[in-house]
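Asker: Sending over a structure as structure tokens; questions will come in a sec.
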Amino acid sequence: MKEKITQTTFVSCFIVYLFTLFAAGADGANWPSWRGPVNTGSAPEGNPPLTWSETENIKWKVAIPGSGLSTPVVWEDKLIFLTAIPTKEVKAETPADQGGGRRRMSQGPTSEYKFDVVCLDRKDGKMIWQKTVTEGLPHQGHHADGSFASYSPVTDGKHIWANFGSRGFYCLDMEGNIKWSQDLVKMDIRAGFGEGTSPCVADNAVIVVCDHEGDSFIVAFNKETGEELWKKERDERTSWTTPIAVEVDGKIQIIVNGANLARAYDLHTGDVIWTCGGQTDNVIPTSVAGFGNVYLTSGFRGAALYAIKLGQTGDLTNSDAIVWKVTRDTPYVPSPVLAGDKIYVCSGNKAEISCYDAKDGKENYVKQMLEGLSGIYASPVGVKDRVYFVGRKGTTKVIKVSDTLEVLATNKLDDGFDASPIIVGDELYLKGSKNLYCIAKQ
Numbered sequence: 000m001k002e003k004i005t006q007t008t009f010v011s012c013f014i015v016y017l018f019t020l021f022a023a024g025a026d027g028a029n030w031p032s033w034r035g036p037v038n039t040g041s042a043p044e045g046n047p048p049l050t051w052s053e054t055e056n057i058k059w060k061v062a063i064p065g066s067g068l069s070t071p072v073v074w075e076d077k078l079i080f081l082t083a084i085p086t087k088e089v090k091a092e093t094p095a096d097q098g099g100g101r102r103r104m105s106q107g108p109t110s111e112y113k114f115d116v117v118c119l120d121r122k123d124g125k126m127i128w129q130k131t132v133t134e135g136l137p138h139q140g141h142h143a144d145g146s147f148a149s150y151s152p153v154t155d156g157k158h159i160w161a162n163f164g165s166r167g168f169y170c171l172d173m174e175g176n177i178k179w180s181q182d183l184v185k186m187d188i189r190a191g192f193g194e195g196t197s198p199c200v201a202d203n204a205v206i207v208v209c210d211h212e213g214d215s216f217i218v219a220f221n222k223e224t225g226e227e228l229w230k231k232e233r234d235e236r237t238s239w240t241t242p243i244a245v246e247v248d249g250k251i252q253i254i255v256n257g258a259n260l261a262r263a264y265d266l267h268t269g270d271v272i273w274t275c276g277g278q279t280d281n282v283i284p285t286s287v288a289g290f291g292n293v294y295l296t297s298g299f300r301g302a303a304l305y306a307i308k309l310g311q312t313g314d315l316t317n318s319d320a321i322v323w324k325v326t327r328d329t330p331y332v333p334s335p336v337l338a339g340d341k342i343y344v345c346s347g348n349k350a351e352i353s354c355y356d357a358k359d360g361k362e363n364y365v366k367q368m369l370e371g372l373s374g375i376y377a378s379p380v381g382v383k384d385r386v387y388f389v390g391r392k393g394t395t396k397v398i399k400v401s402d403t404l405e406v407l408a409t410n411k412l413d414d415g416f417d418a419s420p421i422i423v424g425d426e427l428y429l430k431g432s433k434n435l436y437c438i439a440k441q
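Numbering follows numbering that gives the first Met the number 0, in which position 219 of the sequence shown is assigned residue number 218; successive positions increment by one, without gaps.
Printed below as a string of structure tokens:
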């Protein structure tokens, strides 16, 4: 049920993602972070195909080395993602007891791995370089649907930042040379589900969140040198959400959702600007911002979609700063997409979607089935007047940005998709479990 908390008006504070300040980021020429050039899941420009198949509108298709759920990023002619490549088999450990009679839900690793950053040529999918940043045996396993390379990289066209969590955090140049690295923490992930929180770049800093069953924290490093700028403890259990950077009243805030509290941090000091409770456990979706609000959502053993007015301070829980909220059918894994003046969310991991007006929370439609999709982990993406929803078994539905559900196209490929699609210009990239596709009009 959507609850209208207060009458929404357009907030006058100037809000812009840092990525829009990048020279080529906001014109659609690049996709520098896993949620796109403006971190909303939408491309400002572009016109990828509506229809495709294994024999239609495939510019190129290449096999993926290793395995991983890492969503690629793009800068000019380079497409970059992370992968884990097994090297030496080992005997899997029996899942350990977590206390209270609860057992881990994944086996221990069955191999040692190389942890690689991969760079392909956008024109033809050919390898430009592949860099192993570290090797070893992971100390924990992952969910059956997960991987040891679920993080997505981020780039500003000069450097690439690759997070492998317990295996370290790395900065590379665009030629694949490691410039610096930082050890983070050996993470103890709830139920052994595996790691996967991507970094965020803002101004001179790169920000990493480590929420786990141990001492959770958020840390900012100088993006050029790797020097620690600040580090703050977080009273949170395991989460997989990615921080976002938003400029409010001339200052950049780093906003991170959480099961206990959503928090906004001052980019330069790490000081908490505001907090807000009300989310569910196991927070995964990445937030989006627009129209003077930030939209926070989660959907494990509960449901929450909050539109919070930016420019506030202090504890915003149950306050008028919550412009509107939804307490049903919100996503567990997929992040929301802000397309035009509408926000779209999935219901859990199901192929059921809801559409709300982003400004006032008006329900356009709720929990509408996308027939033919058996489940969704990938986050939807938007461009022009349409949104692309990619199912786990290879089917994609393209819908119109509208007050009513209108399916424009249904497309099928011979692969499974959990990584999120990306749009750069007139090209759509889909990274499957086996292959990476470049879809463009042929």
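For every residue, glycine included, the Cβ atom is placed at its ideal position computed from N, Cα and C.
(1) Would you give the residue range spanned by the beta strand (DSSP E) that PRO239 belongs to?
(2) Given a cut-off of 8 Å on the beta-carbon distance, is the pair TRP239 and GLY175 in contact?
(3) Going by C-alpha distance, which of THR409, ALA263, LYS231 is nearest ALA244?
(4) Under DSSP, the beta strand (DSSP E) around ASN256 begins and ends at which residues?
(5) Between which two residues does the beta strand (DSSP E) holding ILE79 run?
(6) Do you know how far the Cα of SER66 is from the Cα of LYS87?
(7) In angstroms with no decimal places, state the Cα-to-Cα distance between TRP273 and ILE84.
(8) Since ILE421 contacts PRO71 with CB under 8 Å, what's their CB separation in whole angstroms?
(9) Count the CB pairs spanning the segment 312-319 and the segment 344-355 that are closer than 8 Å, and state whether there are at least three.
(10) With respect to the beta strand (DSSP E) encompassing SER353, which residues constitute its N-terminal and C-terminal limits?
(11) With a threshold of 7 Å on Cβ separation, who are the neighbours of THR399 within its own chain once the five nearest residues in sequence on each side are excluded?
(12) Per DSSP, what kind of secondary structure is ALA190 in: helix, strand or coil?
(13) Can you name, in chain order, every residue of its own chain whose Cβ lies under 6 Å from the Cβ of SER297, other than the five neighbours on each side?
(14) With distances taken from CA atoms, which of SER197, THR133, ASP187 is nearest GLU235?
(15) According to DSSP, which residues form a beta bridge with LYS130?
(16) Among GLU232, LEU266, ILE251, which has the Cα closest to the Cα of LEU260?
(17) Using the three-state DSSP reduction, which class does ARG166 fall into: helix, strand or coil?
(18) Where do the ends of the beta strand (DSSP E) carrying ASP265 lie?
(19) Quick one: Cα of ASP155 to Cα of ARG166, how far?
(20) Could you give the first and the last residue of the continuous beta strand (DSSP E) run that contains SER297?
(21) In the DSSP assignment, find the unbroken beta strand (DSSP E) run with GLY289 in it and report its ends.
(22) Pull up the distance between the alpha-carbon of THR39 and that of HIS138, whole angstroms please.
(23) In angstroms with no decimal places, state the Cα-to-Cα distance between LYS430 and VAL382.
(24) Could you please give me the residues that DSSP links to ALA201 through a beta bridge?
(25) Report buried or exposed for ARG300, applying the criterion of at least 16 other Cβ atoms within 10 angstroms of its Cβ.
(26) For PHE147, write down the residues that DSSP places opposite it in a beta bridge.
(27) Starting from GLY381, follow the beta strand (DSSP E) in both directions and report where the run begins and ends.
(28) Just the C-alpha distance for ALA22 and CYS170, rounded to the nearest angstrom, thanks.
(29) Helix or strand or just coil, what does DSSP make of ALA418?
(30) In angstroms with no decimal places, state the Cα-to-Cα distance between THR268 and GLY276.
(31) Starting from the Cα of GLY371, find the closest Cα among TYR364, THR395, PRO379 and give me that residue.
Answerer: This is what the structure holds:
(1) As a position in the sequence shown, residue 239 is number 240, starting the count at 1. Sequence check: residue 239 is Trp here, not Pro. Element bounds for TRP239: n/a, residue is neither H nor E.
(2) Here residue 239 is taken as the residue at index 240 of the sequence shown, counted from 1. Here residue 175 is taken as the residue at index 176 of the sequence shown, counted from 1. No, these two residues do not count as a Cβ contact at 8 Å.
(3) Within the sequence shown, residue 244 is the residue found at index 245, counting from 1. Checked all of THR409, ALA263, LYS231; the closest Cα to ALA244 is ALA263.
(4) Along the sequence shown, read from residue 1 onward, the residue named residue 256 stands at position 257. Going by DSSP, ASN256 is part of no beta strand (DSSP E) at all; its letter is neither H nor E.
(5) On the sequence shown, position 80 is the one that residue 79 refers to. Annotation for ILE79: the continuous beta strand (DSSP E) segment containing it runs 77-88.
(6) By one-based count along the sequence shown, residue 87 stands at place 88. By one-based count along the sequence shown, residue 66 stands at place 67. A direct Cα-to-Cα measurement between LYS87 and SER66 gives close to 15 Å.
(7) As a first step, residue 273 is located in the sequence shown; it is residue number 274 there, counting from the start. As a first step, residue 84 is located in the sequence shown; it is residue number 85 there, counting from the start. Using only the alpha carbons, I get a separation of about 41 Å.
(8) Sequence index remark: in the sequence shown, residue 421 carries index 422 (1-based). Sequence index remark: in the sequence shown, residue 71 carries index 72 (1-based). Contact flag correct, Cβ pair sits at about 6 Å.
(9) Judged by Cβ distances under 8 Å, the segment 312-319 makes no contact with the segment 344-355, as fewer than three pairs qualify.
(10) Here the question's residue 353 lines up with position 354 in the sequence shown. SER353 -> beta strand (DSSP E) spans 351-356.
(11) Looking up residue 399 in the sequence shown gives position 400. First, the residue type needs correcting, since residue 399 is Lys and not Thr in the sequence shown. Excluding five sequence positions before and after LYS399, the CB atoms of its chain that fall closer than 7 Å to its own CB belong to ASP384, ARG385, GLU405, LEU407, given in chain order.
(12) For the purposes of this step, residue 190 is taken as the residue at position 191 of the sequence shown. Three-state result, ALA190: helix.
(13) In the sequence shown, the residue the question calls residue 297 occupies position 298. Residues GLN278, THR279, VAL282, ALA303 of the same chain have their beta carbon placed closer than 6 Å to that of SER297, with the five preceding and five following residues left out of the count.
(14) Along the sequence shown, read from residue 1 onward, the residue named residue 235 stands at position 236. Nearest option by C-alpha distance: ASP187.
(15) Position 131 of the sequence shown, counting from 1, holds the residue named residue 130. Beta-bridge partners of LYS130 (DSSP): VAL116.
(16) Within the sequence shown, numbered from 1, the residue matching residue 260 stands at position 261. In this structure, GLU232 is the residue among GLU232, LEU266, ILE251 with its C-alpha nearest to the C-alpha of LEU260.
(17) Translated into positions along the sequence shown, residue 166 becomes position 167. Three-state DSSP puts ARG166 in a helix.
(18) Counting from one through the sequence shown, the residue named residue 265 turns up at place 266. 261-265 is the span of the beta strand (DSSP E), which, as asked, contains ASP265.
(19) Within the sequence shown, numbered from 1, the residue matching residue 155 stands at position 156. Within the sequence shown, numbered from 1, the residue matching residue 166 stands at position 167. If I take the Cα positions, the gap works out to 23 Å.
(20) Taking the sequence shown and counting its residues from 1, the one referred to as residue 297 is at position 298. First-last of the beta strand (DSSP E) with SER297: 292-297.
(21) Residue mapping note: residue 289 aligns to position 290 of the sequence shown, counting from 1. For GLY289, the enclosing beta strand (DSSP E) stretches over residues 287-289.
(22) Along the sequence shown, one-based indexing puts residue 39 at 40. Along the sequence shown, one-based indexing puts residue 138 at 139. C-alpha separation (whole angstroms): 34 Å.
(23) For the purposes of this step, residue 430 is taken as the residue at position 431 of the sequence shown. For the purposes of this step, residue 382 is taken as the residue at position 383 of the sequence shown. LYS430 and VAL382 have their alpha carbons spaced roughly 18 Å apart.
(24) Here residue 201 refers to the residue found at position 202 of the sequence shown. ALA204.
(25) Position 301 of the sequence shown, counted from the first residue, corresponds to residue 300. By the 10 Å Cβ count, ARG300 comes out exposed.
(26) On the sequence shown, residue 147 is found 148 positions in, with the first residue counted as 1. Residue pairing by DSSP places PHE147 opposite no residue, since no beta bridge is assigned to it.
(27) Here residue 381 is taken as the residue at index 382 of the sequence shown, counted from 1. Unbroken beta strand (DSSP E) run through GLY381: 380-382.
(28) The count along the sequence shown starts at 1 and reaches residue 22 at position 23. The count along the sequence shown starts at 1 and reaches residue 170 at position 171. Because the pLDDT of ALA22 is 36, which lies under 50, any placement of that residue in the model is unreliable, and the number read from its coordinates should be weighed accordingly. Whole-angstrom Cα-Cα distance: 20 Å.
(29) Indexing the sequence shown from 1 puts residue 418 at position 419. ALA418 falls in the coil class under three-state DSSP.
(30) Residue numbering aside, residue 268 sits at position 269 when the sequence shown is read from its first letter. Residue numbering aside, residue 276 sits at position 277 when the sequence shown is read from its first letter. In this model, THR268 and GLY276 are separated by some 22 Å (Cα to Cα).
(31) As a first step, residue 371 is located in the sequence shown; it is residue number 372 there, counting from the start. Ranking TYR364, THR395, PRO379 by Cα distance to GLY371 puts THR395 first.
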